[in-house]
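Trainee: In the UniProt record's numbering, the protein residues as written are 1 to 249.
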């Protein structure tokens, strides 16, 4: 069954794209996805949550000139979407100074739930401003539907950005899960460090602890870096930060 990589350009493409994203991130469980969509399942509230997520991601894309979304379709089954990715291209440093409060989790209920989400969002996005403060490509989102994995879709999605980074002569970053890490390594990304989103706090309320259990915190992720040209040589490739500091981050 032939797969094709296509850029997402029309609004009507987003419903199927984000539906594929949701089904992909449910298997296996992806806490970063849950952070962006707290209401899941088939209830009326969950269906409203899906629409909100779809419209929010479309809005983010339209308001961000660095954003390009791609999808992989199976042409043998009616161009069904089997995977997708968002690449951001920063030809200049997007973080001239560290971010304070990068994103308000307005899709979470006000009060403690939103406070919880904001803490994790701050931890997640602030590290980008500290570690990605140079021209680079960022693979912000990448997913493949569980029924269509190991067919080359992920390689197509990752490969586009890797080739673009080489064309522009810039580095690339991705925040990887356990499942995605091997694919990224095949495209020249190297493991740099594990980081955690931790909801721990002094004297947490019952609600706070329930939310921590729901997202299975602390959430771990691998920061991966792809040097210019995609070839990392131990002892030869100069990394753009102090190794001692980075390993203790």
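All residues carry an ideal CB built from backbone N, CA and C; glycine is no exception.
Relative to the C-alpha of residue 188, which candidate in 48, 63, 171 and 82 has its C-alpha closest?
Mentor: Answer by Cα proximity: 171.
Trainee: Can you tell me which residues form a DSSP beta bridge with residue 176?
Mentor: DSSP, once it has assigned bridges, lists 222 as partnering residue 176.
Trainee: Taking just the CA atoms, how far does residue 14 sit from residue 75?
Mentor: C-alpha separation (whole angstroms): 18 Å.
Trainee: According to DSSP, is residue 200 helix, strand or coil?
Mentor: Coil.
Trainee: Using alpha carbons as the reference points, say which of 225, 128, 107 and 206 lies closest to residue 190.
Mentor: Closest by alpha carbon: 225.
Trainee: Tell me the rounded alpha-carbon separation between residue 48 and residue 56.
Mentor: About 12 Å.
Trainee: Where does the unbroken beta strand (DSSP E) through residue 88 begin, and where does it stop?
Mentor: Start and end: 80 to 90.
Trainee: For residue 155, which residues from the same chain have a beta carbon less than 8 Å from its beta carbon, with the 5 sequence-adjacent residues on both sides left out?
Mentor: These residues qualify, in order along the chain: 183, 186 and 187.
Trainee: Using 8 Å as the threshold, is the C-beta distance between residue 87 and residue 137 below it?
Mentor: Yes; because the gap between Cβ atoms is below 8 Å, this pair is in contact.
Trainee: Could you check the C-alpha separation between residue 20 and residue 84 for me, to the nearest Å?
Mentor: So the alpha carbons of these two residues sit roughly 8 Å apart.
Trainee: Is residue 29 helix, strand or coil by DSSP?
Mentor: The answer is coil: DSSP assigns residue 29 none of H, G, I, E or B.
Trainee: Express the C-alpha separation of residue 175 and residue 249 in angstroms, rounding to a whole number.
Mentor: A caution first: residue 249 carries a pLDDT of 40, below 50, which makes its placement in the model too unreliable to give a value.
Trainee: Determine the burial state of residue 25: buried for a count of at least 16 other Cβ atoms within 10 Å of its Cβ, exposed for fewer.
Mentor: Answer is buried; the Cβ neighbour count reaches 16.
Trainee: Can you give me the C-alpha to C-alpha distance between residue 89 and residue 197, rounded to a whole angstrom?
Mentor: Taking the straight line from one Cα to the other gives about 25 Å.
Trainee: Near residue 245, which residues of its chain fall below 8 Å by C-beta distance, leaving aside the five closest residues on each side in sequence?
Mentor: Because residue 245 carries a pLDDT of 43, less than 50, the predicted location of this residue cannot be relied on, and no value is offered for it.
Trainee: Rounded C-beta distance between residue 207 and residue 112? I'm assuming under 8 Å.
Mentor: Right, the Cβ-Cβ distance comes to about 5 Å (below 8 Å), so this counts as a contact.
Trainee: Are residue 31 and residue 39 close, meaning C-beta to C-beta below 8 Å?
Mentor: Contact: no.
Trainee: So within the stretch 117 to 202, which uninterrupted alpha helix (DSSP H) runs reach at least 4 residues, ignoring any that extend past its ends?
Mentor: With a minimum length of 4 residues, the continuous alpha helix (DSSP H) runs that stay inside the stretch 117 to 202 are 153 to 168 and 181 to 186.
Trainee: Leaving aside the five residues before and after residue 192 along the sequence, list all residues of the same chain whose C-beta is less than 7 Å from its C-beta, in chain order.
Mentor: For residue 192, where only same-chain residues beyond five positions count, the Cβ hits under 7 Å are 223, 224, 225 and 246.
Trainee: How far does the beta strand (DSSP E) with residue 11 in it reach, from first residue to last?
Mentor: It is not in any beta strand (DSSP E) - residue 11 carries neither H nor E in the DSSP assignment.
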